[in-house]
């Protein structure tokens, strides 16, 4: 089994130039590789800012220095420990708004050509998630011409999400059904599965990390024949012995955009869908739950891989850096701690309260105050 987080931002390039303005300065490529393939326990990552020339130069230098090695099936192997897939996130207009798309590529040469193409259609190629004056269909076709894959990012969020703020159907953006979509932190497979038109689309759960500690807060488990871009693509298609085994993600209630909110009065608490504030009568910003209830029916295909809710250690009340460090020292990776280590073993390292939260999260019994309006939900102390 291979764990993959396919949406991680880069805060700074090797020359200390900013790449993702809103990301941590500590979120450098070397730091991401160490964190992801070390304490986070991942096997595959996709930094989504690889079209920035500073990042491309850094990747090329790491290949020349043999820190990264091109895999025969695509992607770059880091010190025999994990696979890096170069990717690029951009923003494009479609339907009623603008949304984000991530393109994944098998080689540095391919993402370099994509960078050169994008540079003609945006303001600053050195920065992440820039607006391009191109249609989603053009982005799709250009990505495909370079043997890459385009995926709508955080598709259900009200800010820059395909379904969340732009369209009612993928047919308004593409000529063909997307092979995969990224759900975003405020959605899970049971919610997104209510849209019948997505019955044959693979769901991805990724972290969209803007800091090191957020890496792998959502991730995917794959069965692959090898560590390569080609094997990952086969898994998304369900070809051969490759397939998606499971999604691991936040309980959607912990996401920042789970419920609708009124900019003047705050989050709404009425049953979904809510489109107008009950206090002031103004139109609200639709939350993920409200938008999916509006678009879909209460059903989900039975063939979907399981979606396991998790509460990252950084979300657990009272679980500070010292406790996290002790848990990692004892049990290796955060994934192991969250999903596999028996409660009695955890209690030897962490407090009773912290362990009870971890176990309750595993069992889906954790009391949560839902998020909305850009504010994360929170675990409620019992």
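Residue numbers (my numbering): 5 to 386. Beta carbons: idealized from backbone N, C-alpha and C, even for Gly.
Counting C-beta pairs closer than 8 Å gives fewer than three between the region 249-258 and the region 36-49, which falls short of the contact rule. When DSSP assignments are scanned along the region 287-357, the uninterrupted stretches of alpha helix (DSSP H) that are 4 or more residues long and fall wholly within it turn out to be 292-299, 325-335, 338-343 and 347-350. With contacts defined by Cβ atoms closer than 8 Å, residue 107 and residue 168 do not form a contacting pair.
With the rule of 3 Cβ pairs closer than 8 Å, the region 60-68 does not count as touching the region 95-107.
Going by DSSP, residue 58 is part of the alpha helix (DSSP H) stretching over 57-68. Spanning the alpha carbons of residue 377 and residue 69 requires a straight line of approximately 45 Å.
The beta-carbon separation of residue 158 and residue 188, rounded to 3 Å, stays under the 8 Å limit for a contact. In this structure, DSSP gives residue 32 a state outside helix and strand, which the three-state scheme calls coil.
Under the 8 Å Cβ criterion, the region 310-324 counts as touching the region 378-385, having at least three qualifying pairs. The beta carbon of residue 181 is closer than 8 Å to those of 174, 201, 204 and 205 in its chain, skipping five residues each way along the sequence. Here DSSP, grouped into helix, strand and coil, assigns residue 81 to strand. In this structure, the alpha-carbon of residue 50 lies about 24 Å from that of residue 261. In this structure, DSSP gives residue 192 a state outside helix and strand, which the three-state scheme calls coil. Taken through DSSP and simplified to helix, strand or coil, residue 49 comes out as strand. DSSP lists 373 as the beta-bridge partner residues of residue 382.
If you ignore the 5 residues before and after residue 299, its C-beta comes within less than 8 Å of the C-beta of 167, 172, 198 and 199, all in its own chain and listed in chain order.
Sorting 333, 223, 295 and 238 by C-alpha distance to the C-alpha of residue 310 places 223 at the top.
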